[in-house]
Amino acid sequence: MREEPGEELKLRYSGPAASWDEALPVGNGRLGAMMFGGTMTEHLKLNEDSVWYGGEPIPRRTPKDALKNLARLRHLIRSELHQEAEELVRNAFFATPYSQRHYEPLGDVILDFGHPLENVEHYERTLDLEKATAAVSYTHHGVKYSRQLFASFPDQVLVMQLDSQSTRTKFTIRVTRLSDKQYATDEFLDSVQSEETSGEGRGNCEGRIIVHATPGGRASNNFCLVLAVRCNDEGGTVTAIGNCLVVDSSRVTIIISAQSKYRHHDVETSALKDAEVALAQEAIVTRHVNDYQSLFKRMQLRLSSQDCALNTNQRLQDVREGSLDPGLVALYHNYGRYLLISCSRNGPKNTKPLPANLQGIWNPSFQPAWGCKFTININIQMNYWPANICNLSDCEEPLFDLMQRMADNGKKTASEMYGCGGWVAHSNTDIWADTDPQDRWMPGTLWPFGGVWLCIHIWERYLFTGDKDFLRRMFNIYRGSVEFLNDFLIPDATGTYLVTSPSLSPENSFLIPGSDRKVGTLCEGSAMDMQLTNALFTGFAHIISELGIADDLLSSIQEKQRKLPPASIGNFGQLQEWQKDYEEAEPGHRHTSHLWALYPGRDITPETTADLAKASEVVLSRRAMHGGGHTGWSRAWLINLHARLGDSAGCLKHVTELLSKSTLPNLLDTHPPFQIDGNFGGCAGVIEMLIQSHEIGPHGTIIRLLPACPSAWDFGSLSGVCARGGLELDFTWKNGRILGPVVLRTRTSTSASGVIVFPSGHNVQFLCQGHTEVVEPSDQHHS
Numbered sequence: 011m012r013e014e015p016g017e018e019l020k021l022r023y024s025g026p027a028a029s030w031d032e033a034l035p036v037g038n039g040r041l042g043a044m045m046f047g048g049t050m051t052e053h054l055k056l057n058e059d060s061v062w063y064g065g066e067p068i069p070r071r072t073p074k075d076a077l078k079n080l081a082r083l084r085h086l087i088r089s090e091l092h093q094e095a096e097e098l099v100r101n102a103f104f105a106t107p108y109s110q111r112h113y114e115p116l117g118d119v120i121l122d123f124g125h126p127l128e129n130v131e132h133y134e135r136t137l138d139l140e141k142a143t144a145a146v147s148y149t150h151h152g153v154k155y156s157r158q159l160f161a162s163f164p165d166q167v168l169v170m171q172l173d174s175q176s177t178r179t180k181f182t183i184r185v186t187r188l189s190d191k192q193y194a195t196d197e198f199l200d201s202v203q204s205e206e207t208s209g210e211g212r213g214n215c216e217g218r219i220i221v222h223a224t225p226g227g228r229a230s231n232n233f234c235l236v237l238a239v240r241c242n243d244e245g246g247t248v249t250a251i252g253n254c255l256v257v258d259s260s261r262v263t264i265i266i267s268a269q270s271k272y273r274h275h276d277v278e279t280s281a282l283k284d285a286e287v288a289l290a291q292e293a294i295v296t297r298h299v300n301d302y303q304s305l306f307k308r309m310q311l312r313l314s315s316q317d318c319a320l321n322t323n324q325r326l327q328d329v330r331e332g333s334l335d336p337g338l339v340a341l342y343h344n345y346g347r348y349l350l351i352s353c354s355r356n357g358p359k360n361t362k363p364l365p366a367n368l369q370g371i372w373n374p375s376f377q378p379a380w381g382c383k384f385t386i387n388i389n390i391q392m393n394y395w396p397a398n399i400c401n402l403s404d405c406e407e408p409l410f411d412l413m414q415r416m417a418d419n420g421k422k423t424a425s426e427m428y429g430c431g432g433w434v435a436h437s438n439t440d441i442w443a444d445t446d447p448q449d450r451w452m453p454g455t456l457w458p459f460g461g462v463w464l465c466i467h468i469w470e471r472y473l474f475t476g477d478k479d480f481l482r483r484m485f486n487i488y489r490g491s492v493e494f495l496n497d498f499l500i501p502d503a504t505g506t507y508l509v510t511s512p513s514l515s516p517e518n519s520f521l522i523p524g525s526d527r528k529v530g531t532l533c534e535g536s537a538m539d540m541q542l543t544n545a546l547f548t549g550f551a552h553i554i555s556e557l558g559i560a561d562d563l564l565s566s567i568q569e570k571q572r573k574l575p576p577a578s579i580g581n582f583g584q585l586q587e588w589q590k591d592y593e594e595a596e597p598g599h600r601h602t603s604h605l606w607a608l609y610p611g612r613d614i615t616p617e618t619t620a621d622l623a624k625a626s627e628v629v630l631s632r633r634a635m636h637g638g639g640h641t642g643w644s645r646a647w648l649i650n651l652h653a654r655l656g657d658s659a660g661c662l663k664h665v666t667e668l669l670s671k672s673t674l675p676n677l678l679d680t681h682p683p684f685q686i687d688g689n690f691g692g693c694a695g696v697i698e699m700l701i702q703s704h705e706i707g708p709h710g711t712i713i714r715l716l717p718a719c720p721s722a723w724d725f726g727s728l729s730g731v732c733a734r735g736g737l738e739l740d741f742t743w744k745n746g747r748i749l750g751p752v753v754l755r756t757r758t759s760t761s762a763s764g765v766i767v768f769p770s771g772h773n774v775q776f777l778c779q780g781h782t783e784v785v786e787p788s789d790q791h792h793s
């Protein structure tokens, strides 16, 4: 199944990257770089997760007249006076200024080697997912040149090591921060200083470049970037010329550090210290690899492959031409785990952590698409879909850290906009945990459910880990969201049900009945709102029980939960997106918000709600008929939805189209442009096809093996994969049958019970206390 150990975990290319879409990413959760691998010039595009335009948040973005106009807005929505309602929203409910902060690049490192590509032989460029290292090697005029780049979490720096086989080579290093726009010459920095630094107490640093820059705006969050160089051979030299360093050496180590005022008051001292300590660290490679593998090797997915030695872009092209390459699917999945580890880390080495944004941490633009913020109406949630199931729950900690800050800000937003207790957040947030409405866009801006959806991640995390300390720490955050909805729900026009208002279905719109195809967005109680409300309330009852807490809020929400409107099935047999059976303005819309209860929610299943599952199938069919799934993240969501329906053919179709239509040469997802959510959604979707644990039965967790595994994935194995109930599993399959025992391990000191559903339909109960093995009781064990 494998050619050589580790070869199936490499992205490989036979030439330098011609653009950012071909460059290779490294990261340590805070610092990131894209390595182009040029021979004339090596280019590193750098990022640091706290480099955002502007500084502390604007103190008063909250719309000051929202609350006094809330009753009128609700009346207009109920009366279906859509144009009047939208006009009121524009005037009274949009924030000023309309946009939150946006993310910016850290800078660029340029190394000039002067090796024309036409004179180069044996070129190879790789990204080793097993060691989290990007590498380039080639021969020029008989000399082999190699360089490696990695991002060390233990040392909080980027590290590049260069080697030219004992042949001293002269090259120049520059650091800049140039505009990404064509023909623009703006250099967004304050100062660049190069210096020779041979002497004691500097980690044998022989030269360095220090850059200061200010991303701009009020009370700006300025930063310092340091590049330090050490020659590792006898007689190697570093000379400062202008703002550059000229290196003459056969073996060189380059350290890149950076700090901003988001974390440190004295940014230069902090960045210099990071570089100095790292440059003196002899075991820096070992420290990096050991730390990374402590996360990456928790889980392994293998699918059969004969194509490991092929260039990755060739494998993608083969898929576009009809090839089924299970090994490429496994590589894509493992790449997703690599990316999550690389852009979302927590711990003492990364204080004030930030979660993965729309591009993880890798952004080349000073004006990135959608501000490269934290969009919380699907995108940031999707970033963390693989975290629990792929044994990387601790990589989600930065998201929970942000949520704690959002809850503080969201109390003011909830009170001043809606007159509600608790806290609220809308469709976006930023580095400063802004909870006010973002943009002035009717289909998406006034959606007060971003925080609700995020809070459901708290309960999901607990289901996978059983970590009660975590649950206690996040309890007040969860409760605050419940408190908001407890106050926000209102009776519908009949007085029978409780609904949300204002409401919308994120980014979608409908045709206003009798209006000659005019478009509306605002409504009462969209399907997604009601599904999220039900899930949040259900989770709260479970949390109260798990923690043994008495809370008067529980009885209030249980009474209100009984009054939530049931899901409705529309004219086409589809699950309705709105309470009224509106016709979609865009039937192939990228969002499938009304299927949230199917995935990532757990309230719609083919086994327990067959009618709603069938109605969900109709939604997916209609979306597909009208061109749905045309963005990478949307396609990834479709994989997970089809997996929950047990539709292996639909899953394989969308996995194939994700690779063939929405994947860049470097395997990053494209919306277009690049958004990392599709990588993470696809990563999770592959596992959802192989194991599911979202159902609870009378005996505990129901674990389904190979619920949507296509026959093309004829042979494979999973180890260290996680299931709800606090379990890890290992299993191997061949031709749709489980080979040998399924190994289960508990992740906590408590026992776990449930049922394993084998692909054949056999059910086996289990009770796991530490470690157990389950064998299918049948005669199907033949290969």
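Numbers in this note's numbering are just positions in the sequence shown, counted from 1, shifted up by 10.
Glycine included, every Cβ here is placed at the ideal spot set by N, Cα and C.
The DSSP-derived three-state label of Ile487 is helix. A contact between stretches requires three or more CB pairs, one per stretch, nearer than 8 Å, and the stretch 511 to 528 meets this requirement with the stretch 577 to 594.
Bounds of any beta strand (DSSP E) do not take in Phe163, whose DSSP letter is neither H nor E.
One thing to note: Lys383 has its Cβ within 8 Å of the Cβ of Asn438.
Annotation for Gly346: no beta strand (DSSP E) segment contains it, though the alpha helix (DSSP H) segment containing it runs 336 to 353. When secondary structure is reduced to three states using DSSP, Ala238 falls in the strand class. In this structure Pro396 is buried. Its beta-carbon is surrounded by 16 or more other beta-carbon atoms within 10 angstroms. Under the three-state reduction of DSSP output, Gln203 falls in the strand class.
Per DSSP, reduced to three states, the secondary structure at Lys154 is strand. Here Gly780 is exposed: its Cβ has fewer than 16 other Cβ atoms, across all protein chains shown, within 10 Å. In the DSSP assignment, Leu368 falls outside any alpha helix (DSSP H) and carries neither an H nor an E.
Cys353 is positioned such that its CB atom lies closer than 8 Å to that of Gly42. Annotated three-state conformation of Tyr472 is helix, per DSSP.
The bridge partners DSSP lists for Thr711 are Ile706, Gly764. Assigned with DSSP and collapsed to three states, Leu481 falls in helix. From the listed residues His704, Leu678, Gly530, the smallest Cα separation to Leu326 is found for Leu678. Of the candidates Gln110, Tyr155, Gly346, Tyr155 places its Cα closest to the Cα of Asn129. The stretch 51 to 137 contains, as complete alpha helix (DSSP H) runs of 4+ residues, the segments 76 to 88, 92 to 102 (chain order).
With fewer than 16 neighbouring CB atoms inside 10 Å of its own CB, Thr506 falls in the exposed class.
According to DSSP, Asn321 shares a beta bridge with no other residue. Taking a contact to require three or more Cβ pairs closer than 8 Å, the stretch 15 to 26 and the stretch 129 to 142 qualify as touching.
By the criterion of a C-beta distance shorter than 6 Å, Arg527 is surrounded in its chain by Leu521, once the five residues flanking it on both sides are discounted.
About 4 Å separates the beta carbons of Leu313 and Gly726, which is inside the 8 Å limit, making them a contact pair. In the displayed model, Ile251 falls within a strand according to three-state DSSP.
Residue pairing for Gly432: DSSP places it in no beta bridge. Excluding its 5 nearest sequence neighbours in each direction, Arg633 has C-beta neighbours in its own chain below 6 Å: Gly598, listed in chain order. In the three-state reduction of the DSSP assignment, Tyr23 falls in the strand class, which pools E and B. The C-alpha of Glu114 lies about 24 Å from the C-alpha of Thr143.
Distance from the CA atom of Ser162 to the CA atom of Arg88, rounded to whole angstroms, is 55 Å. Beta-bridge annotation (DSSP): Thr179 is paired with Ser259. Contact between Arg734 and His704 is confirmed by a C-beta separation of about 7 Å, below the 8 Å threshold. Non-local beta-carbon contacts of Asn389 in its own chain, meaning distances under 8 Å to residues more than five positions away in sequence, involve Leu368, Trp643, Gln685, Asp687 in chain order. Between Thr361 and Arg273, the alpha-carbon positions lie close to 7 Å from each other. Exposure of Met635 is indicated by the presence of fewer than 16 other C-beta atoms within 10 angstroms of its C-beta. In this chain, Arg218 is not harboured by any alpha helix (DSSP H); it is covered by the beta strand (DSSP E) spanning 217 to 223. DSSP places Pro682 outside both helix and strand once states are collapsed to three, so it counts as coil.
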